[in-house]
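Residue numbers (my numbering): 71 to 372. Beta carbons: idealized from backbone N, C-alpha and C, even for Gly. Computed from a prediction, not measured in an experiment: that's the story for all the values here.
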Ligand code: AMP
Ligand code: MG
């Protein structure tokens with residue numbers, strides 16, 4: 071899936087069908103009920119993701135305790151971008167919902183606060199990074215600063231133009247610090263957005279999700295698509311790749327994002343950290359009610 075969904079250059083989002091399902095096995099595997107099949111797969115994948123996440127967390131905890139001298143503790147950061155109603159919240163609910171909340175670091179980005187506006191645009195992003203061992207999820211991100219900031223002319227053109235290079239430098243630094251980035255555009259169609267916004271208006275329980283400003287952004291659809299194409303084209307690097315997930319079908323979207331995360335974890339070759347104590351001796355201490363001395367010092371040779 072990482073190969074299949076990786077953005078290709080020149081970026082042409084119009085060529086990616088939001089209803090398509092790249093990588094989905096054919097009906098011989100899924101049966102007629104592809105939606106049910108994909109949902110069940112996300113459940114199974116979720117259990118595997120939870121295990122991988124636990125290894126990431128455990129490795130960082132062991133390193134923190136100074137018991138495990140290895141490479142710097144890693145973190146994974148999933149960046150989700152989409153047009154309004156593109157499915158960022160739903161993806162988090164389904165995919166992150168399958169993992170252990172203890173190891174998750176989920177942050178959403180709205181319009182900058184007055185305090186945030188007093189700093190450079192990456193300031194609030196740095197503060198929101200996941201600690202070592204955590205899986206971070208960004209619901210919107212620094213990319214808003216080359217998307218809405220550009221389309222709605224929130225800053226002069228020279229300012230947003232300079233940001234692509236700033237973002238690339240920032241993400242390169244992150245990669246060196248052990249952050250594995252997975253950047254995902256949930257790609258929905260204009261028609262699907264219209265249907266989802268209407269559904270929000272039709273259901274009083276969904277009014278909280280609706281923002282009249284969403285219509286202003288929708289009116290600038292082509293400009294947003296162009297801004298997305300530039301952002302993905304300019305900021306797709308091997309250290310911080312961009313993936314385009316067709317997202318009109320929610321069940322495919324969740325299945326694809328779960329796979330992207332799973333494959334990303336695989337590239338990290340995670341394992342459980344070795345015990346920082348003498349397991350046999352601890353067993354003996356437990357049995358004897360603590361009469362045997364703690365062996366940690368001898369084990370670590372410190
Ligand atoms: P939502 O994701 O529905 O909660 O909406 C968040 C809103 O915040 C969207 O309209 C974004 O365009 C807006 N937003 C996020 N980041 C920025 C930013 N850096 N500058 C301006 N608006 C932003
Ligand atoms: Mg919204």
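In three-state terms, what does DSSP make of residue 165? In the chain shown, counting from the first residue as 1, residue 165 sits at position 95. It is helical.
Just checking, does the stretch 310-322 make contact with the stretch 146-163 on the three C-beta pairs under 8 angstroms criterion? yes
Between which two residues does the alpha helix (DSSP H) harbouring residue 222 extend? Walking along the chain shown from the start, residue 222 turns up at place 152. Neither: residue 222 is in no alpha helix (DSSP H) and is coded neither H nor E.
Would you call the stretch 261-276 in contact with the stretch 163-173, where contact means no fewer than 3 C-beta pairs closer than 8 angstroms? no
Residues bridged to residue 76 (per DSSP): Residue 76 sits at position 6 when you count from the first residue of the chain shown. For residue 76, which the question treats as bridged, DSSP gives the partners 313.
Whole angstroms is fine: what's the gap from residue 371's alpha carbon to residue 347's? Here the question's residue 371 lines up with position 301 in the chain shown. Here the question's residue 347 lines up with position 277 in the chain shown. Unreliable positioning characterises residue 371 in this predicted model, as indicated by a pLDDT of 43, which lies under 50. The coordinate reading is nonetheless provided below. Going by the C-alpha atoms only, they are around 11 angstroms apart.
Are there any heavy atoms of the ligand MG lying less than 8 angstroms away from the beta-carbon of residue 238, as far as the coordinates show? Taking the chain shown and counting its residues from 1, the one referred to as residue 238 is at position 168. For residue 238, the Cβ stays outside the 8 angstroms cut-off from all heavy atoms of the ligand MG.
Whole-angstrom C-beta distance between residue 256 and residue 152, which should lie under 8 angstroms: Looking up residue 152 in the chain shown gives position 82. Looking up residue 256 in the chain shown gives position 186. Between the beta-carbon of residue 152 and that of residue 256 there is about 4 angstroms, and that keeps the pair under the 8 angstroms contact cut.
In terms of residue numbering, what span does the beta strand (DSSP E) encompassing residue 253 cover? Position 183 of the chain shown, counted from the start, is the residue given in the question as residue 253. Its beta strand (DSSP E) spans residues 249-257.
Label residue 215 either buried or exposed according to how many other C-beta atoms from any shown protein chain fall within 10 Å of its C-beta, with 16 as the threshold for buried. Numbered from its first residue, the chain shown carries residue 215 at position 145. Buried is the call here.
In chain order, which continuous runs of the alpha helix (DSSP H) of length 4 or greater are located wholly inside the stretch 95-133? Complete alpha helix (DSSP H) runs here, min 4: 97-100.
Who are the Cβ neighbours of residue 116 in its own chain at under 6 angstroms, not counting the five residues just before and after it? Working through the chain shown from its first residue, we reach residue 116 at position 46. Counting only Cβ-Cβ distances below 6 angstroms, and skipping sequence neighbours, we find 168.
Apply the 10 Å Cβ neighbour rule to residue 104 and answer buried if 16 or more other Cβ atoms are within range, or exposed otherwise. The residue labelled residue 104 in the question sits at position 34 within the chain shown. That one is buried.
Using DSSP bridges, identify the partner residues of residue 145. Working through the chain shown from its first residue, we reach residue 145 at position 75. The partner list for residue 145 (beta bridge, DSSP) reads 249.
Check whether residue 111 and residue 335 have beta carbons under 9 angstroms apart: Position 41 of the chain shown, counted from the first residue, corresponds to residue 111. Position 265 of the chain shown, counted from the first residue, corresponds to residue 335. No, Cβ-Cβ distance for residue 111 and residue 335 is not below 9 angstroms.
So with Cβ pairs under 9 angstroms, would you call residue 294 a contact of chain B? Absent here is chain B; the protein component of the structure consists of one chain.
Reference residue 211, options 231, 202, 237, closest by Cα: What you label residue 211 is simply residue 141 of the chain shown in a count that begins at 1. Of the listed residues, the one whose Cα sits closest to residue 211 is 237.
Which runs of the alpha helix (DSSP H) at least 4 residues long sit entirely within the stretch 161-219? Give them in chain order. 184-187, 193-197
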